[in-house]
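Data block below; observations after.
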Amino acid sequence: MIFSLSTLLAFSTLIFMLGLLGLVLNKRNLLIILMPIELMLLGLNLNFIFFSVYLDDILGQVFALYVLTVAAAESAIGLAIFTVYYRDKQTLLLEGFVRARG
């Protein structure tokens, strides 16, 4: 292994924390809220992959692939909802989204 497990886990934790920081700092734009969530999922997937390689077990890589599939579906559905909302309200700010009913 080129890097130690602790270095790789620190890297994936840094990516996860950057996503968490982006989620906490931005509370207005719905599209920008979706991007840090994807960054957090990337950090989680890296943990699965690093432990899978370290333990020499394929199950972590399979689970990471499953999480990527669910994240892609979540992004597609979220972007479709945002597109419909933007066509109706002409904005993606969160203040109007809370009042949306229907």
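Our numbering applies: residue -2 is where the sequence shown begins, and numbers increase by one. Here a beta-carbon is modelled for each residue, glycine too, at the ideal position from N, C-alpha and C.
Should residue i be labelled buried (16 or more other beta-carbon atoms within 10 Å of its own) or exposed?
i	result
F13	buried
T73	Going by the sequence as given, residue 73 is Ala instead of Thr. Exposed is the call here.
S9	buried
L38	buried
A70	exposed
F0	exposed
May I ask you to list the residues that DSSP assigns as paired with residue i?
i	result
L90	N26
Just confirm the distance between the C-beta atoms of residue i and residue j, as a whole number of angstroms; I'd bet it's less than 8 Å.
i	j	result
F79	L28	6 Å
Given a cut-off of 8 Å on the beta-carbon distance, is the pair residue i and residue j in contact?
i	j	result
E35	A77	no
L2	F47	yes
Shortest alpha-carbon distance to residue i belongs to which of the options?
i	options	result
N44	P33, D54, I55, L6	L6
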